[in-house]
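Colleague: To get the working numbering, take the position in the sequence shown, counting from 1, and add 29.
Just dropping this structure here.
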Amino acid sequence: MTAAPARPILLRYAAPSELAAAPLHSSVRLSLDGARGPVGVRGTVRDAALFRDAMAALATIQESDLRYKGRDRTAYLAYLMKQGKKATAAIWEAQKAFLEGAFADDAEGQGDGSGAKPRASGALDPVLTVHPDEVSIEVFSRDESAYARLAFSSDLFEGREAAHGTAFVDLSPRIVEQIDRLRVYAKVELDAGAARGDGAAARATCGAPIERSLAVPTTWLRGFLQVQSAATLPAVSCELAPIDLYNALFVLRTRKAKKPPRGLRFELVPGKPPRLILEPWEILIEGHGPPYEGPPRVVRTFGRQRLLALSRLLPHVRRARAELRGPGLPVFWVLDLGRATLTIALTGWTDSSWASAASFDALMPREGKAGDKARAALDALAGKQLALLREQGPLPLAALAAGGGAEDARAALQLECLRGRVLYDVARRVYRPRELFADPVDEREIRYSSPREAAAHRLLGAPGAVRPTKVHEIAGEGTEIHGEVADREAHRDFSPRFTMDLEGRVSDAWCSCPTFRRSGLREGPCEHMIALRVAYARERAERDALRQTAEGRSLIRAETRTYVRREASGAEVVYRVSLDDRVVHLSWGARAEAPRHQRIWFDTDGEARDAYFKRLDVLTSSGFVDADASSA
């Protein structure tokens, strides 16, 4: 498969970041990219322990990588070669991988004599933005599935001097290790800026300038901007007490899940504190925060293992808020640390997961000739809102949507987030101007992560070309999806299928196209699998919207819903109702026990449909919560 394109970035630092420590005084000097102009902040840190622990947690999220890593068999294969064994392809590949990993840093250090390192492919450095009311640092994990934004309030710094703007910051493992050993009883000063002085004395003190050329993968940039775009969507929020977060982290630290699902489930009942259930152990954590206000629902979230990075911050947490945005979208956690706020977004995405194509599709603006005028109006509205933010600073959606529709304003701001010029502050619930690059990102560059995904959307653009034909729910395993794809360029029809497990990941995929028959999934999914995945997500979203109306309900012929209710004893009762043409299937019982079953046949599909929805209404009035309404 053709490699995804990359965006060339040149970073220039006057000197590496460093920490100068004395017995009673420490100075943290963060070097910023000099190409972005006079940007920086300077002041004395009032709470050094908070600064140290928050920076350590941020670095942990940045370096996190939960992708599968195979065992290193280099030494064993070298032993086989010494024994005279045949030099197989596995041996040569292992040696090649070992040499690339061992000498990668040395290769980067060999430049052309100008002091600049050769071009390397990787993630961007953290992004530091100085606002009038705070200083924020944004990072994105190595596996492209976790985003974090750490904001230090202006109250944290005594004698604060600032130059507003955005620049990349050198936050190398060396400076992170030095900050981790910071003496919190001593006076600590922060100096973040691009310039470090001139002359030989300054170079001897601060080190040689750094110039690094990066080729940032489009997939990394796409995920970074998409997470912030997802932040603009409406959310259901609930607040937790610090002890609730501690209890969840204690369970995750002392247990290891050996089978799916590995989700963190929220039970949100109006008037009661949120409950947390950790799967697959079904451990219930009663919440101690304020009562939840909103519609009843059960939300399953993923990416919970990254919450362990917050252990360092538990002594500083005053309250925690979880914002849930819907199936496949990131879950935002907001930690109130007093003079600082940490916002993290956890997703089930990784750079090796193609299941996220449906989630990205839901966030991108639709293309098409019919919407050219609407798109031009959206661009004009986005430009006005950006100018307003630059002039007045952080503003809520209500202020930006004054005189117009809130949905249009949100869509325009979401587009600016994709271009890297606007940031949505989840903690304060305001929009902020933040120029990621000197020139805006063209959203068309990040629309597709690969040529095959672009081909999949070409197939989706033809009416009726991609059609899910069968959706089979397998108890305890997931959902099997079959489809038909009419590829007009190939003048053939293909039959892709795949299985989505209980965690939303795609497995057991198959297609009748030549690409899959030649290489399977070794080169990634074919365009027909991706198209079917996106088409199924779109169809499900449309079905969920239609079932809220009487006209939409009349079109439903087959559906399955799961309702749950937590008893006073802590036991969970699960009620599953299925409609299949003229048959209504019921199953109910405690989650840990074998359920009871009942099938009811009707003379017409209309009678079965009426009985099905009547049963759902009875369950809702009896205190049951729809577990299929939202899964993040």
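All C-beta atoms in this analysis are idealised placements derived from N, C-alpha and C, irrespective of residue type, glycine included.
Give the list of continuous alpha helix (DSSP H) stretches no shorter than 4 residues that lie fully inside the stretch 268–316.
Modeller: Correct list: 271–283.
Colleague: What does DSSP give as the partner residue(s) for alanine 196 in the beta ladder?
Modeller: Answer is Leu157.
Colleague: Could you round the C-beta distance between leucine 59 and phenylalanine 197 to whole angstroms and report it? I think they count as a contact, below 8 Å.
Modeller: Going by Cβ atoms, the distance from leucine 59 to phenylalanine 197 rounds to 11 Å, so no, they are not a contact pair.
Colleague: Report, in whole angstroms, the separation of the C-beta atoms of arginine 178 and threonine 372, which I expect to be a contact under 8 Å.
Modeller: Going by Cβ atoms, the distance from arginine 178 to threonine 372 rounds to 5 Å, so yes, they are a contact pair.
Colleague: If we count the other Cβ atoms within 10 Å of its Cβ and call it buried at 16 or more, is aspartate 522 buried or exposed?
Modeller: It counts as exposed.
Colleague: Decide if leucine 584 is buried, meaning its Cβ has at least 16 other Cβ atoms within 10 Å, or exposed.
Modeller: It is exposed - the Cβ of leucine 584 has fewer than 16 other Cβ atoms within 10 Å.
Colleague: Would you say the stretch 534–543 touches the stretch 571–578, given that touching needs at least three Cβ pairs under 8 Å?
Modeller: No: fewer than three Cβ pairs fall under 8 Å.
Colleague: Please specify which runs of the beta strand (DSSP E), each continuous and at least 3 residues long, are wholly inside the stretch 553–623, giving them in chain order.
Modeller: Entirely contained in the stretch 553–623, the beta strand (DSSP E) runs reaching 3 residues are, in chain order, 587–595, 601–609, 612–619.
Colleague: Who are the near neighbours of glutamine 207 in its chain, counting only those whose CB is closer than 6 Å to its CB and skipping five residues on each side?
Modeller: These residues qualify, in order along the chain: Leu48.
Colleague: What alpha helix (DSSP H) runs, 4 residues minimum, are completely inside the stretch 33–75?
Modeller: List check, alpha helix (DSSP H) in window: nothing returned.
Colleague: So which of Glu601, His626, Ala403, Asp220 has the shortest CA-CA distance to alanine 619?
Modeller: That would be Glu601, whose Cα lies nearest to the Cα of alanine 619.
Colleague: Below 7 Å between beta carbons: does that hold for valine 156 and valine 70?
Modeller: Going by C-beta atoms, valine 156 is not nearer than 7 Å to valine 70.
Colleague: Please report the residue range of the beta strand (DSSP E) in which valine 245 lies.
Modeller: From DSSP, the beta strand (DSSP E) with valine 245 extends over 239–246.
Colleague: Taking Cβ to Cβ, would you say serine 340 is nearer than 7 Å to leucine 278?
Modeller: Yes, Cβ-Cβ distance for serine 340 and leucine 278 is below 7 Å.
Colleague: Could you give the distance in angstroms between the alpha-carbon of arginine 458 and the alpha-carbon of phenylalanine 361?
Modeller: Computed Cα separation, rounded: 12 Å.
Colleague: If you draw a straight line from the C-alpha of arginine 65 to the C-alpha of alanine 456, how long is it?
Modeller: About 26 Å.
Colleague: Once you ignore the five residues that flank alanine 88 on each side, which residues in its own chain have a CB closer than 6 Å to its CB?
Modeller: Closer than 6 Å at the Cβ level, and outside the excluded window around alanine 88, lie Val205.
Colleague: Could you spell out where the alpha helix (DSSP H) holding aspartate 82 opens and where it closes?
Modeller: Per DSSP, aspartate 82 belongs to the alpha helix (DSSP H) from 77–92.
Colleague: Once you ignore the five residues that flank alanine 656 on each side, which residues in its own chain have a CB closer than 7 Å to its CB?
Modeller: So the list reads Val327, Thr591, Tyr592, Val593, once near-sequence residues are dropped.
Colleague: By the 10 Å Cβ neighbour count, where 16 or more other Cβ atoms means buried, how is valine 654 classified, buried or exposed?
Modeller: With 16 or more Cβ atoms within 10 Å of its Cβ, valine 654 is classed as buried.
Colleague: If we count Cβ pairs, one from each stretch, closer than 8 Å, do we get three or more for the stretch 242–256 versus the stretch 473–488?
Modeller: Touching, yes, given that three or more Cβ pairs across the two stretches are closer than 8 Å.
Colleague: Straight-line CA distance for valine 176 to alanine 494?
Modeller: For the record, residue 176 in the displayed sequence is tyrosine; it is not valine. If I take the Cα positions, the gap works out to 36 Å.
Colleague: Go through its chain and collect everything with a Cβ distance to leucine 200's Cβ below 6 Å, but skip five positions before and after it.
Modeller: Answer for leucine 200: Pro155, listed in chain order.
Colleague: For a test of the three-state rule: what should DSSP assign to serine 650, helix, strand or coil?
Modeller: Here serine 650 sits in helix by DSSP.
Colleague: When you compare the CB of lysine 288 with every CB in chain D, is at least one pair closer than 7 Å?
Modeller: Judged by its chain identifiers, the structure shown contains no chain D, having just a single protein chain.
Colleague: Using the Cα positions of alanine 86 and serine 170, report the straight-line distance between them to the nearest angstrom.
Modeller: Answer to the nearest angstrom: the Cα atoms are 12 Å apart.
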